[in-house]
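Asker: First the structure, which I've put down as C-alpha cells, then a few questions once you've had a look.
Number of protein chains: 2
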Amino acid sequence: MLETKAQRQSDRRAEILDAAERCFARAGFHRASMQDICGEAAMSPGNLYRYFPSKEALIAGICERNRAEAVASFAMVDAAPEFFEGLAGLARHHLVDRSRDEVALCAEIMAESRRHPEIAKLYQDIEKDIRDRIAGILKQAASRDEIRRDVDLDAAASVLMLLGDGMSWRRSVDPGFDAEKVLPLILAMVRGLLAKPDDDAPARGENA
Amino acid sequence: MLETKAQRQSDRRAEILDAAERCFARAGFHRASMQDICGEAAMSPGNLYRYFPSKEALIAGICERNRAEAVASFAMVDAAPEFFEGLAGLARHHLVDRSRDEVALCAEIMAESRRHPEIAKLYQDIEKDIRDRIAGILKQAASRDEIRRDVDLDAAASVLMLLGDGMSWRRSVDPGFDAEKVLPLILAMVRGLLAKPDDDAPARGENA
DNA sequence: AAAATGAGAATGAACGTTCACTCCAATAAT
DNA sequence: ATTATTGGAGTGAACGTTCATTCTCATTTT
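Sequence lines, in order, name chains A and B.
Each residue of the first sequence is one higher than the one before, starting from 52 at the first, in this note's numbering.
Each residue of the second sequence is one higher than the one before, starting from 52 at the first, in this note's numbering.
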C-alpha cells in the first residue's frame, strides 16, 4: 500500500517527463508551452505543478532520467571481448539506433543548459561522469595492451566525446546526413589514432 | 549621394545585426527580447522595425552575413602550399581563434534552424555550400596526389564537418574543454584517414 | 513642402504559474 | 451500517508579466 502510492507517483512523474520530452523535441524548450505539455500528458496545469515545481524542473528531470541510461550503456564496452569492438557497439547504439527526436531533444537540453545555471551544473556533472568513464575504459584498454600507450588518453577521451557530439549534431541538423555511411570512416580514424602500430594495417583495407 | 544613402542604411543594418548577435549569444534567441536588442543597438523598436521586419529576419540576416565569411575562409586552404597544412590552418581559424560567444551564437542559430523553415532552408543552403567546397578541396588534393584516393571523399567531407561541429559544440558547452590540446590529435586522426600510406608515418611521432 | 528617419508609448496575444475549488476513496466515529 | 472526516488527486479559470509588433507623432534631410 505504501509502496504502491510512491510507485504511482513515480509513474505519474515518468508519464509527465515522457510528455515533456515529446513536446520539447517537437517544439524546443521555449516554444513548448506548459499547456502543450499538459495536453500531451492529459493533465491539468495545476496538477502537473504538484509533480514538478517549474518548467525548468522538467528539463532537470529529463536530464537525470537519461543519465542512468547513458552511463549504463558503457557496460557494453566492458562486456565486449575487444576494445574496438566494444567502441563500435557503443557508437552504433548512441549514434545510429537513437531516433532523430532523441538526438534533437538532447541538443535542446544542451543548448538550454548554457543558460540555466542549475541545469548547467547537472549537465556538466553528467558530462564529467561520461568523460571519466571513457577515460577509464581507455586506460583499461591501454593496460591490457589493446591500444597505444603513447597517446594522451584524457585528450583522446575528449576526442571521442567530440565525435559523438559531432555526429549527434549533424544528425539533428542535416536531414541528408547518413550516419551509417560515415561511421566506418570514423571508426577507422579512431583506430588509426589509438590502435597499436602492429594492429593498424588490418583496419585499412575495409574503407575503400 | 545615392551611394552614401544605401551605404548608411547598410551600415545601420550591420550595427543592428551586431547588437542582435551580442544579445543572442548572451541570452539565446527566445530570451533575448527585441527591447534588449533595441537597447544594445541604441535604437527604438519602431525604428529597428524599419530595417528588419521581424525577429526571425534578424537571424536570417546574421546567417547570410556569416555565410560570406565562412565560405571565404576556404580560400586559405587553396592558398596553402600543401593540403594538410591548409587544413590545419582552417581548423585553427574556425575552432580556436573564434571566440566562445561566436561559437555559442552559431549553436543558437543551428538550434533555431530546426524550427523556422525559412531559416532552416537558408542554413542548409550554407551547409551544402560548405560541404561542396570541402569535397572540392578533397578532390583537388586527391588529383594532386596529396591524399589517398581509395576513400569515399564525400563521406570524408561529412566527417570533417562533423569534426568541426563536434569541436564547436564541445567548446560552447564544456568550459573545461581545451581546443588547443585536442587539435593535434584531431589532425593526426584526419591525417591517418586521408594521408597516403607513405606519408603516414612522419605524422606519428608528434603526438606523444 | 515632402519624404525619410527616428522615438517611445500602446496593443494584444501568449506564457508560466497560482489559486480556489471539486472529486473520490479510505478511515474514523456514531 | 451509516455517517462524518480527512487528505491526496485533479481541475481550469484567472493573474501578472513579458514579448513582438504597431501606431502616432516629432525631428531631420532633401
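We treat Cβ as the ideally placed atom computed from N, Cα and C, and that holds for glycine.
Would you report the Cα separation of A:Arg166 and A:Leu236, rounded to the nearest angstrom?
Answerer: The straight-line gap from Cα to Cα measures roughly 35 Å.
Asker: Determine whether the beta carbon atoms of B:Val147 and B:Ala230 lie at a separation below 8 Å.
Answerer: Yes, the pair counts as a contact, with Cβ atoms nearer than the cut-off.
Asker: Run down chain A in chain order and give the residues with a C-beta less than 7 Å from the C-beta of B:His81.
Answerer: Those within 7 Å of B:His81 in chain A are His81.
Asker: Exposed or buried, which one is A:Gly243 when buried takes at least 16 other CB atoms within 10 Å?
Answerer: It counts as buried.
Asker: Compare the C-beta of B:Arg165 against all C-beta atoms of chain A and say whether one is closer than 8 Å.
Answerer: So, interface residue.
Asker: Look at the alpha carbon of B:Glu120 and the alpha carbon of B:Asp176, and state the distance between them as a whole number of angstroms.
Answerer: Taking the straight line joining both Cα atoms gives about 15 Å.
Asker: Would you check if the distance between the CB atom of B:Lys190 and the CB atom of B:Leu213 is smaller than 8 Å?
Answerer: Contact: no.
Asker: Tell me which residues share the same chain as B:Arg151 and place their Cβ nearer than 8 Å to its Cβ, disregarding the 5 neighbours each side in the sequence.
Answerer: If we look at B:Arg151 and ignore the five residues flanking it on each side, its Cβ neighbours are Arg222, Ser223.
Asker: Taking the CB atoms as reference points, tell me whether B:Arg184 and B:Phe125 lie closer together than 8 Å.
Answerer: For B:Arg184 and B:Phe125, yes; Cβs fall inside 8 Å.
Asker: Please go through the same chain and pick out, in chain order, the residues whose beta-carbon is closer than 7 Å to the beta-carbon of A:Glu197, but skip the five residues on each side of it.
Answerer: Contacts found: Glu133, Phe134.
Asker: B:Gly227 to A:Glu178, Cα distance in whole Å?
Answerer: Those two C-alpha atoms are separated by around 11 Å.
Asker: Does A:Ile237 get closer than 8 Å to chain B when you measure Cβ to Cβ?
Answerer: Cβ-Cβ to chain B under 8 Å: yes for A:Ile237.
Asker: Would you please verify whether the beta carbon of A:Glu153 is less than 8 Å from any beta carbon of chain B?
Answerer: A:Glu153 does not count as touching chain B.
Asker: Please check if any C-beta of chain A sits within less than 8 Å of the C-beta of B:Met127.
Answerer: It does not; no Cβ of chain A falls within 8 Å.
Asker: Name the one or two DSSP bridge partners that B:Ala246 has.
Answerer: DSSP, once it has assigned bridges, lists B:Ile198 as partnering B:Ala246.
Asker: Would you please state the rounded distance, in angstroms, between the beta carbons of A:Ser107 and A:Ile67? I believe it to be under 8 Å.
Answerer: Correcting the residue type first, residue 107 of chain A is Glu in the shown sequence and not Ser. 14 Å between Cβ atoms; not a contact.
Asker: Taking C-beta pairs closer than 8 Å, name the residues in chain A that B:Glu228 reaches, listed in chain order.
Answerer: Note that residue 228 of chain B is Phe in the sequence shown, not Glu. Chain A residues near B:Phe228: Ser209.
Asker: Check distances from the C-beta atoms of the stretch 87-120 of chain B to those of chain A and list, in chain order, the residues that come in under 7 Å.
Answerer: Cβ contacts with chain A: none found.
Asker: Which one of B:Asp225, B:Ser219, B:Ser209 has the shortest CA to CA distance from B:Ser241?
Answerer: Residue identity differs from the one stated: residue 241 of chain B is Val in this sequence, not Ser. Taking only the C-alpha atoms, the option nearest B:Val241 is B:Ser209.
Asker: Compute the beta-carbon to beta-carbon distance between A:Arg200 and A:Leu245, rounded to the nearest angstrom, for a pair I have assumed lies under 8 Å.
Answerer: 10 Å between Cβ atoms; not a contact.
Asker: Using a Cβ-Cβ cut-off of 8 Å, state whether A:Met212 counts as contacting chain B.
Answerer: Chain B, which has a Cβ nearer than 8 Å to the Cβ of A:Met212, makes this yes.
Asker: Kindly indicate which three-state DSSP category A:Ser105 falls into: helix, strand or coil?
Answerer: Residue state, collapsed to three classes: coil.
Asker: State buried or exposed for B:Glu136, treating a residue as buried only when at least 16 other CB atoms are found within 10 Å of its CB.
Answerer: Answer is exposed; the Cβ neighbour count stays below 16.
Asker: Along the alpha helix (DSSP H) that carries B:Ala93, what are the first and last residues, could you check?
Answerer: No alpha helix (DSSP H) contains B:Ala93, which DSSP labels as neither H nor E.
Asker: Between B:Ala186 and chain A, is the shortest Cβ-Cβ distance under 8 Å, so that the two count as touching?
Answerer: No, B:Ala186 does not count as interfacial toward chain A.
Asker: Please classify B:Ser194: is it buried, with 16 or more other beta-carbons within 10 angstroms of its beta-carbon, or exposed?
Answerer: Burial call: exposed.
Asker: Check whether chain A comes within 8 Å of B:Lys9, counting only Cβ atoms and requiring the distance to be less than that.
Answerer: Residue 9 of chain B lies beyond the stretch modelled for chain B, which goes from 52 to 259, so this question has no answer here.
Asker: Within the 8 Å Cβ cut-off, does A:Ser84 reach chain B?
Answerer: No - not a single Cβ of chain B is within 8 Å of the one on A:Ser84.
Asker: Whole alpha helix (DSSP H) runs in the stretch 153-211 of chain A with 4 or more residues, listed along the chain?
Answerer: With a minimum length of 4 residues, the continuous alpha helix (DSSP H) runs that stay inside the stretch 153-211 of chain A are 168-194.
Asker: Which first and last residues belong to the alpha helix (DSSP H) in which A:Arg143 is found?
Answerer: It spans 134-143 - the alpha helix (DSSP H) in which A:Arg143 sits, taken as one unbroken run.
Asker: Can you tell me whether A:Gly79 is buried or exposed, with buried defined as 16 or more other CB within 10 angstroms of its CB?
Answerer: Its Cβ being crowded by 16 or more others within 10 Å, A:Gly79 is buried.
Asker: Which residue from B:Ala158, B:Ala71, B:Ala76 puts its Cα closest to that of A:Asp216?
Answerer: Among B:Ala158, B:Ala71, B:Ala76, the Cα nearest to that of A:Asp216 belongs to B:Ala158.
Asker: Examine chain B for any beta-carbon lying closer than 8 Å to the beta-carbon of A:Asp216, and answer yes or no.
Answerer: Chain B contact via Cβ: present.
Asker: Name the chain A residues whose beta carbon is nearer than 8 Å to that of B:Val122?
Answerer: Within 8 Å Cβ-Cβ: nothing; B:Val122 doesn't reach chain A, min ~17 Å.
Asker: The alpha helix (DSSP H) spanning B:Ala126 covers which residue range?
Answerer: It spans 126-130 - the alpha helix (DSSP H) in which B:Ala126 sits, taken as one unbroken run.
Asker: Is there a Cβ from chain A that is less than 8 Å from the Cβ of B:Arg221?
Answerer: Taking Cβ atoms only, chain A reaches closer than 8 Å to B:Arg221, which makes this a yes.
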